[in-house]
Amino acid sequence: MKVVLLMLATIAAVSGQTEPWCRCAAFVTYEYSEIMVYEEPEIPIDSCDANGALQCKTTCADNTMKVAANLSFMFGEAGGLLARYKAAREAGFLAVECAFPYSVPEKDVAAVLKEEGLEQVLINSDPVKLWLKFFVMEANNFTGDLQAGELGFAAVPGQETRFRESLERSISFAKALGCHKLHIMSGHQSADHNEKAHVTTLESNLRHAVSRLAKEDIVGLIEPINPVSIPGYFLNNYDTGILHSWNFLAVSLIEKIESPYLRLQLDVFHLQMICGNVTNNIKKLIPLTVIMLVLSTVLQAAQVVPSSGWISVVLHSKVSDPAYNWEMGC
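Residue numbering for the sequence shown follows our numbering, beginning at 6 and increasing consecutively.
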């Protein structure tokens with residue numbers, strides 16, 4: 006049975022909103038959290054409108070959603086990273102994910118996880134230099150500047166040694182935290198190399214990563230990021246077969262390498278920005294997906310602003326699909 010982490014990051018981080026914005030179009034059972042979240046969808050759907058809530062609860066009762074808090078977006082009011090773990094537990098979460106925990110000693114992160122009884126479900130690979138301006142994080146959790154930063158090295162020719170060093174540090178961190186999912190970042194496209202060189206480098210590095218991660222029982226994830234939010238990021242589309250004739254991208258790489266330790270991290274925000282047609286594309290991409298990120302936000306002037314929540318309705322048919330054992334992160 007496929008396990009999909011559905012991370013619903015509808016967080017008004019910059020605007021001062023402090024409560025977790027967890028949006029779901031149905032009653033569900035949460036295995037990773039002590040909290041129960043329900044929001045009636047703004048767009049009525051037959052089985053989950055106000056009159057059909059009980060029916061929807063029955064329909065969805067067999068599905069267990071595992072809820073994880075995204076500490077890169079949530080609990081900024083708590084302060085630094087370690088304080089956010091504590092705040093997440095106080096809010097009722099039993100699982101968390103964090104993009105870049107590397108400036109905090111791994112033993113300290115592991116200790117707070119144990120102390121609070123939390124499970125770390127995902128981290129990103131160590132990018133060495135990164136500052137995402139729309140993340141509200143303490144300065145000691147990210148280093149560098151986005152324009153001069155290095156969002157990973159997996160696709161960057163000539164940086165193979167740095168990629169392997171970054172991978173080893175990421176594996177060490179993941180193991181210390183008991184985390185079994187690692188987002189491998191491709192990095193930016195270099196003006197000194199053509200697309201084919203980047204693709205060749207990315208495939209070679211992913212094959213090496215898969216070999217290493219399999220030994221540690223860690224699943225490597227790749228995530229297309231749209232070129233509007235992160236200009237120049239190399240892995241920037243999906244190649245689903247119903248889009249343009251793009252080649253050598255996320256789906257192609259996963260199918261070519263053909264390993265259970267390389268899967269897709271599907272961010273629905275980026276999917277919509279890249280190609281739209283969200284519902285049909287999700288159906289096509291789900292067989293390759295281990296983690297699904299639903300970023301129901303609008304990035305405006307480097308701020309994260311809550312959206313109308315329409316994406317929750319779009320995903321309802323998949324959330325209630327008995328073929329999947331869903332995890333959800335907020």
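Note that beta-carbon positions come from the ideal geometry of N, C-alpha and C, so glycine has one too. What you are looking at is a predicted structure, and each value in this text was computed from that prediction instead of being measured.
**Prompt:** Count the other CB atoms within 10 Å of the CB of residue 288; is the residue buried (16 or more) or exposed (fewer)?
**Reply:** For the purposes of this step, residue 288 is taken as residue 283 along the sequence shown, with counting starting at 1. Within 10 angstroms of the beta-carbon of residue 288 lie fewer than 16 other beta-carbons, which makes it exposed.
**Prompt:** With which residues is residue 193 paired in a DSSP beta bridge?
**Reply:** Counting from 1 along the sequence shown, the entry for residue 193 is found at position 188. DSSP lists 238 as the bridge partner or partners of residue 193.
**Prompt:** Three-state secondary structure (DSSP) at residue 73?
**Reply:** Here residue 73 refers to the residue found at position 68 of the sequence shown. Looking at residue 73 - three-state DSSP - the assignment turns out to be strand.
**Status (buried if at least 16 other CB within 10 Å, exposed otherwise) for residue 233** = Position 228 of the sequence shown, counted from the first residue, corresponds to residue 233. Residue 233 is exposed by the Cβ-count criterion.
**Message:** If the criterion is Cβ atoms closer than 7 Å, does the pair residue 123 and residue 109 meet it?
**Reply:** Taking the sequence shown and counting its residues from 1, the one referred to as residue 123 is at position 118. Taking the sequence shown and counting its residues from 1, the one referred to as residue 109 is at position 104. Not a contact, by the Cβ cut-off of 7 Å.
**Prompt:** In this structure, does DSSP put residue 157 in helix, strand or coil?
**Reply:** As a working note, residue 157 is residue 152 in the sequence shown. In the three-state reduction of the DSSP assignment, residue 157 falls in the strand class, which pools E and B.
**Asked** Alpha carbon to alpha carbon, how far is residue 160 from residue 262?
**Response** Residue 160 sits at position 155 when you count from the first residue of the sequence shown. Residue 262 sits at position 257 when you count from the first residue of the sequence shown. Computed Cα separation, rounded: 15 Å.
**Asked** Going along the chain, which residues of its own chain have a beta-carbon closer than 7 Å to the beta-carbon of residue 221, five neighbours each way excluded?
**Response** In the sequence shown, the residue the question calls residue 221 occupies position 216. Answer for residue 221: 176 and 180, listed in chain order.
**Request:** Tell me whether residue 166 is buried or exposed, calling it buried when 16 or more other Cβ atoms sit within 10 Å of its Cβ.
**Result:** Numbered from its first residue, the sequence shown carries residue 166 at position 161. Per the 10 Å Cβ criterion, exposed.
**Asked** What is the rounded straight-line gap between the Cα of residue 111 and the Cα of residue 158?
**Response** Against the sequence shown, residue 111 aligns to sequence position 106. Against the sequence shown, residue 158 aligns to sequence position 153. For residue 111 and residue 158, the distance between alpha carbons rounds to 22 Å.
**Request:** State the DSSP-derived secondary structure class of residue 231, mapped to helix, strand or coil.
**Result:** Counted from its first residue, the sequence shown places residue 231 at position 226. Shown here, residue 231 sits in coil according to DSSP, grouped into three states, outside any helix or strand.
**Continuous beta strand (DSSP E) stretch holding residue 187: start and end** = To locate residue 187, count along the sequence shown from 1; it is residue 182. Annotation: the continuous beta strand (DSSP E) that includes residue 187 extends over 186 to 188.
**Message:** With distance defined between alpha-carbon atoms, name the residue in 286, 258, 265 and 268 nearest to residue 274.
**Reply:** If you number the sequence shown from 1, residue 274 lands on position 269. Checked all of 286, 258, 265 and 268; the closest Cα to residue 274 is 286.
**Request:** Assign residue 282 to buried or exposed, taking buried as 16 or more other Cβ atoms, counted over all protein chains shown, within 10 Å of its Cβ.
**Result:** Against the sequence shown, residue 282 aligns to sequence position 277. For residue 282, the number of other beta carbons within 10 angstroms of its own is below 16, and it is reported as exposed.
**Request:** State yes or no: is the C-beta of residue 269 within less than 7 Å of the C-beta of residue 293?
**Result:** In the sequence shown, the residue the question calls residue 269 occupies position 264. In the sequence shown, the residue the question calls residue 293 occupies position 288. Taking 7 Å as the Cβ cut-off, residue 269 and residue 293 qualify as a contacting pair.
**Request:** Could you check what DSSP says for residue 204 in three-state terms: helix, strand or coil?
**Result:** Mapped onto the sequence shown, residue 204 falls at position 199. Helix, per DSSP.
**Item:** Cβ-based burial, residue 192 [other Cβ within 10 Å; buried from 16]
**Value:** Counting from 1 along the sequence shown, the entry for residue 192 is found at position 187. Counting Cβ neighbours within 10 Å, residue 192 comes out buried, since at least 16 surround it.
**Item:** Burial state of residue 132, where buried means 16 or more other Cβ atoms lie within 10 Å
**Value:** The sequence position of residue 132 within the sequence shown is 127, counting from 1. Answer is buried; the Cβ neighbour count reaches 16.
**Message:** Check this for me: beta carbons of residue 106 and residue 117, under 7 Å apart or not?
**Reply:** Stepping through the sequence shown from its first residue, residue 106 is reached at position 101. Stepping through the sequence shown from its first residue, residue 117 is reached at position 112. No, the Cβ-Cβ distance between residue 106 and residue 117 is not below 7 Å.
**Asked** Within 10 angstroms of its Cβ, does residue 186 collect 16 or more other Cβ (buried), or is it exposed?
**Response** As a working note, residue 186 is residue 181 in the sequence shown. By the neighbour-count rule (16 or more Cβ atoms within 10 Å), residue 186 is buried.
**Prompt:** Where residue 237 and residue 194 are concerned, what is the direct C-alpha to C-alpha distance, given to the nearest angstrom?
**Reply:** Here residue 237 corresponds to residue number 232 of the sequence shown, with the count starting at 1. Here residue 194 corresponds to residue number 189 of the sequence shown, with the count starting at 1. Taking the CA atoms as reference points, residue 237 sits about 6 Å from residue 194.
**Message:** Need the endpoints of the alpha helix (DSSP H) that residue 181 sits in, please.
**Reply:** By one-based count along the sequence shown, residue 181 stands at place 176. Residues 165 to 182.
**Asked** Can you round the beta-carbon distance between residue 130 and residue 223 to whole angstroms, since I take them to be within the 8 Å contact cut?
**Response** On the sequence shown, residue 130 is found 125 positions in, with the first residue counted as 1. On the sequence shown, residue 223 is found 218 positions in, with the first residue counted as 1. Actually they are not in contact, since the Cβ atoms of residue 130 and residue 223 sit about 11 Å apart, beyond 8 Å.
**Message:** What does the alpha-carbon distance come out to for the pair residue 172 and residue 218?
**Reply:** Taking the first residue of the sequence shown as 1, we reach residue 172 at position 167. Taking the first residue of the sequence shown as 1, we reach residue 218 at position 213. Cα to Cα, residue 172 sits roughly 9 Å from residue 218.
**Message:** I need the straight-line Cα distance from residue 75 to residue 225, nearest angstrom please.
**Reply:** For this step, residue 75 is matched to residue 70 along the sequence shown. For this step, residue 225 is matched to residue 220 along the sequence shown. Computed Cα separation, rounded: 18 Å.
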